[in-house]
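A quick write-up on the structure given underneath.
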Amino acid sequence: MKKKSFFSRFYVVLCLAFFYLPILVTMIFSFNSSKSLTRMTGVSLRWYSELINNVEVARAVYVSLSIAILATVISTVLGTITAIGLSSHRKIVKDIVLNVNNIPILNPEIVTAIGLMLLFSSAGFRKGYLTMLLAHIAFCTPYVITSVYPKVRSLDPNLANAAMDLGATPFEALTKVIVPMIKEGVFAGALLAFTMSFDDFVISYFVTGNGVKNISIVVYNMTKRINPTINALSTIVIVVIIVVLVSVNVFLPKLEKRTDHIHPRVRRGVTIFLVAALCLGLIRCGSISSQNHVLKVYNAGEYIDLSLLDKFQEEYNCTVVYETFESNEMMYTKLASGESYDVLIPSDYMIERLIKEDYLQPLDWDLIPNASGLMEEVMDKSYDPGNKYSCPYFWGSVGILYDRNIVDQADLSEGWELLKDPKYKGDLYMYDSERDSFMIALKALGYSMNTVNEDEIREAYEWLVEQRDTMDPIYAGDDIMDNMISGNKAIAVVYSGDASYTISENPDMDYFTPNQGTNIWYDAMVMTRDCSETDLAHAFINFMIDPESAIANTEEIGYTSTVKSAYDAMLDGTYAEISSYLVDDSDPRNEIFGYQDPKIKQKYAELWTKVKAQ
Amino acid sequence: MSNKLIELKDLTKNFDDQQVLRGINLDIYENEFLTLLGPSGCGKTTTLRIIAGFEEPSSGEVLFNGIEISKLPPYKREINTVFQKYALFPHLNVADNIAFGLNLKKVDKSVIAQKVERMLKMVGLEGFEKRDVTLLSGGQQQRVAIARALVNEPKVLLLDEPLGALDAKIRKQMQFELKKIQQEVGITFIYVTHDQEEALTMSDTVVVMNNGEIQQIGSPIDIYNEPENRFVANFIGESNIIEGVMVKDFLVEFDGFRFECVDKGFEEMEEIEVVLRPEDLDIVAPEDAKLTGVVQNTTFKGVHYEILVKTDLRIYKVQTTDYAEPGRKVGLSFEPEDVHVMYKMGAY
Chain A
1 MKKKSFFSRF YVVLCLAFFY LPILVTMIFS FNSSKSLTRM TGVSLRWYSE
51 LINNVEVARA VYVSLSIAIL ATVISTVLGT ITAIGLSSHR KIVKDIVLNV
101 NNIPILNPEI VTAIGLMLLF SSAGFRKGYL TMLLAHIAFC TPYVITSVYP
151 KVRSLDPNLA NAAMDLGATP FEALTKVIVP MIKEGVFAGA LLAFTMSFDD
201 FVISYFVTGN GVKNISIVVY NMTKRINPTI NALSTIVIVV IIVVLVSVNV
251 FLPKLEKRTD HIHPRVRRGV TIFLVAALCL GLIRCGSISS QNHVLKVYNA
301 GEYIDLSLLD KFQEEYNCTV VYETFESNEM MYTKLASGES YDVLIPSDYM
351 IERLIKEDYL QPLDWDLIPN ASGLMEEVMD KSYDPGNKYS CPYFWGSVGI
401 LYDRNIVDQA DLSEGWELLK DPKYKGDLYM YDSERDSFMI ALKALGYSMN
451 TVNEDEIREA YEWLVEQRDT MDPIYAGDDI MDNMISGNKA IAVVYSGDAS
501 YTISENPDMD YFTPNQGTNI WYDAMVMTRD CSETDLAHAF INFMIDPESA
551 IANTEEIGYT STVKSAYDAM LDGTYAEISS YLVDDSDPRN EIFGYQDPKI
601 KQKYAELWTK VKAQ
Chain B
1001 MSNKLIELKD LTKNFDDQQV LRGINLDIYE NEFLTLLGPS GCGKTTTLRI
1051 IAGFEEPSSG EVLFNGIEIS KLPPYKREIN TVFQKYALFP HLNVADNIAF
1101 GLNLKKVDKS VIAQKVERML KMVGLEGFEK RDVTLLSGGQ QQRVAIARAL
1151 VNEPKVLLLD EPLGALDAKI RKQMQFELKK IQQEVGITFI YVTHDQEEAL
1201 TMSDTVVVMN NGEIQQIGSP IDIYNEPENR FVANFIGESN IIEGVMVKDF
1251 LVEFDGFRFE CVDKGFEEME EIEVVLRPED LDIVAPEDAK LTGVVQNTTF
1301 KGVHYEILVK TDLRIYKVQT TDYAEPGRKV GLSFEPEDVH VMYKMGAY
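Here it is as structure tokens:
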């Protein structure tokens, strides 16, 4: 054999490394003993045991698997029949159908997702398991057709005739002759359908509801408080896939030869298994609706102590359907698409918008006796004067997280200008959010962060551009926390709650709110206009601000409680050493984000894009 | 011949707006070897597929033992087919292919094994039970296809150009074997081909088709010797076809001369066409013949020479064992029974 040159080998190794290093890293860190995803501190199975005990993940695995199996079976049958039927049509029909069939494959997933979401909403479907299953069947079937059709086309068109000529009914001809001959195509199509379904995120995310989540959605919601549970889950999935792949490659060729001799009992077993999966899936569809009282809560991801939900359900003998969103804007989109929820937990400026657009109904404070325990400081804010609609949930500030060992204490007096201090060039994270970034610049310049003055906005833009050019910051999202826990950079712009979490994981870090003023924000619980379970909704709100629940919640999440007793308890206890827990709203330069006119919002968005586009 | 087994009555078939069968009337008898012969697109395969049940006629009837079956699905007909490219099931071995029909009927395993073995013996493939059909030669696949059809003991076997994919030598041999098998099993064979030699060799009855219509039905000898029209004459063997006039019974005029013939029953002075088979023409001295001409070209064909003789009006093709050098002036002679008078195409 010709000896391969060093470079060709090197190239192959490089390619393989490129493909597999990320997977390898994921697997290695699943055994990390600490929470970090980037710094290995020791080897343990801690995250696997957490994974096993995580009910949400277990449910998601069930949903992912059962949907994938059902969608695979149904779309394989549908697609195969379609492909076979298509082959005997006229060319023009074939061409049209095959091209139409390609559209969903080539279509951006997001378009399919939104289309399906709107379809289900307008058709009045109850979103959940069934809608997710239907959507998966819809997007898997074209792949099956695409992989089966060429096989069908290569068949002698007389084969079906020959079978019927010998006494086979059309169905027997299909099962005894056609299907055995195209089984490779069917198998490939089924495999494709399974993988497409199993790892789908975008479409599932849009068409699901009522708390039904697959693995991708759960992982996506986990990413804010990223921890190696995800790695553990990923590792298990990878191992399963490897096992399946290897067994397919090793056993299938042997099976091929003997497929006709598979014992009928084995075949019957497979059939029974599939039917059982189907039944289970259908039972799953109906299971939620059997409960009497259902409360649908929509909150930001990783923003509640989940055990509180169980406790509430037990106490009130009801079902809480709990869903999470990634951003206020995402929540708004779902709401606007006609999705119905009972209780939402959005941020101040979004609440202002929801009130303006008549999405909410006023709260009956008589039904929320625990309101007396709320802090005065969080009440009666500009977004909802008199708290007609909203009950504060968490609050906090935006500030700077810094490494005490690197950043000089004296420099803190620079406030936001610290982000422009050349000493820390290349050693900082900016939060990739246009509103927060412009808030920093506007505050540094002494303007209101809600300004609509174009000159001021222009000045702030120039401040950000200059900061970009001189400081070389990294614009990042939720991964900031993990990187700061690992001490990868010295400075980061963060929310106070995230700072508390980071500091509790890495005591070298500290937090301060700059002296030029900052954003003080509030997230609050509101009740939607079409909430029908108003009593239960009030009970839920009341339950969440019960001192005991509030303590559990703030302790778990790290965000600052709006309940006085919980707030005090934390400052005396768990978060005594952590400066970011305390929200200082005394500075008159602090502000709350107000509702933004769409034109102004557009302006900010355009400028922010220009800042990032170096 | 015995009883009528299949009757086709005024069958038509349209595909979209194209008419592929224009009123087919045909009686097929028990134990008959009937061949549908014609060029591609003449409707012979469509006719076969209607008999098999793969197509429904647009109008007309198909009677099987006197019972209308044109709406009966193929799997309910006592008819089996041997397909053009065999259409063997590649996922099954030889024995399983042959046993396919019997398995569907849930025939006892031991009976199936016996029948399969007998069939393999008949088609000369003993010991091939476990072979992979895709690895067989064309001729062997053909035999499996025949066995697969015959094992079901049909009343009629349909064969759609079964030898088309074989090379010439095996084709000859298979023609012989097919005829033998037909005689052995004693059932009706309906055979579709575009090969006139195949049709003449094997058939009891030849049905010549063109353009969706039957041109002539008859024994191979009738078809060859008494073609009813120019198409049949042209399609079956080589012919000199000359336009002429039937003066009266037994007297025909063409190329300016009157000749005796054995045909009658035409109207007096009816315009007709005459077929003179090249092998029926003889080269004689010019003074011994009415038709004279000059040898234009002589080609050696093995058994005979093919000589083109140019007369005043046309070129005659002659097949004879005698040599005549080009340029020589010759006469053409033939017997009255060699003159085949046909209706003129398009006259009816």
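Residue numbers (this note's numbering), protein chains in the order written: chain A, 1 to 614; chain B, 1001 to 1348.
Where is the CB? At the ideal position from N, CA and C, for every residue including glycine.
Asked, Found
"Test: Tyr-1075(B) CB closer than 9 Å to a CB of chain C", "Protein chains in the displayed structure are A and B, and chain C is not among them."
"Residue-level contact to chain A via CB, Gly-1164(B), 9 Å cutoff", "no"
"Rounded straight-line distance, which links the Cα of Asn-506(A) to that of Leu-419(A)", "21 Å"
"Option nearest Tyr-220(A) by Cα separation, candidates Ala-60(A), Glu-339(A) and Val-100(A)", "Ala-60(A)"
"Cut-off 6 Å between Cβ atoms - residues of its own chain near Phe-125(A), not counting five sequence neighbours on either side", "Thr-131"
"For Ile-557(A), the nearest candidate out of Asp-546(A), Thr-574(A), Ile-541(A) and Tyr-424(A) (CA to CA)", "Thr-574(A)"
"Residue-chain proximity (Ala-1052(B), chain A), Cβ-Cβ < 9 Å", "yes"
"Leu-1088(B) at chain A interface by Cβ criterion, 9 Å", "yes"
"First through last residue of the alpha helix (DSSP H) which encompasses Trp-463(A)", "454-471"
"is_contact[His-1091(B), chain A] using C-beta, thresh 9 Å", "yes"
"Secondary structure of Thr-175(A), DSSP reduced to three states", "helix"
"Contacts of Gly-1101(B) in chain A (Cβ-Cβ under 7 Å)", "Leu-166 and Gly-167"
"Beta-bridge partners of Ser-390(A), as assigned by DSSP", "Val-526(A)"
"Near-chain A residues of the region 1094-1122 of chain B - C-beta to any C-beta below 7 Å", "Phe-1100, Gly-1101, Leu-1104 and Lys-1105"
"Proximity test, Cβ basis, 9 Å: Lys-1044(B) and chain A", "no"
"Status (buried if at least 16 other CB within 10 Å, exposed otherwise) for His-89(A)", "exposed"
"DSSP state of Thr-1201(B) mapped onto helix, strand, coil", "helix"
"Proximity test, Cβ basis, 9 Å: Pro-170(A) and chain B", "yes"
"Cys-15(A) burial status per 10 Å Cβ neighbour count (16 or more: buried)", "exposed"
"Three-way DSSP call (helix, strand, coil) for Lys-1106(B) in this model", "coil"
"Within chain B, partners of Pro-142(A) - CB distance below 7 Å", "By Cβ distance, chain B contributes nothing, its closest Cβ being about 27 Å from Pro-142(A), past 7 Å."
"Alpha-carbon to alpha-carbon, Val-1062(B) and Asn-161(A)", "19 Å"
"Own chain partners of Lys-1248(B) with C-beta closer than 7 Å, once the 5 adjacent residues on each side are dropped", "Glu-1268"
"Extent of the continuous alpha helix (DSSP H) run through Met-509(A)", "Unbroken run through Met-509(A) is the beta strand (DSSP E), 509-512; no alpha helix (DSSP H)."
"Counted within 10 angstroms of its Cβ, other Cβ atoms place Ser-247(A) as buried (16 or more) or exposed", "exposed"
"For Ile-545(A), the first and last residue of its enclosing beta strand (DSSP E)", "It is not in any beta strand (DSSP E) - Ile-545(A) carries neither H nor E in the DSSP assignment."
"Test item: CB-CB of Leu-1008(B) and Ile-1024(B) under 9 Å", "yes"
"Boundaries (first-last residue) of the alpha helix (DSSP H) holding Ile-355(A)", "348-356"
"Cutoff 9 Å: Gln-1084(B) Cβ touching any chain A Cβ", "yes"
"Backbone CA spacing between Asp-408(A) and Asp-508(A) [nearest angstrom]", "13 Å"
"Short CB-CB distance (under 9 Å) between Ala-1147(B) and chain A", "no"
"Nearest neighbour of Tyr-595(A), chosen from Val-563(A), Ala-188(A) and Glu-329(A) [CA to CA]", "Glu-329(A)"
"Proximity test, Cβ basis, 9 Å: Thr-1081(B) and chain A", "yes"
"Range of the contiguous alpha helix (DSSP H) that encloses Leu-78(A)", "55-87"
"Boundaries (first-last residue) of the alpha helix (DSSP H) holding Phe-6(A)", "6-29"
"Val-244(A) versus Thr-72(A): straight-line alpha-carbon distance, rounded", "16 Å"
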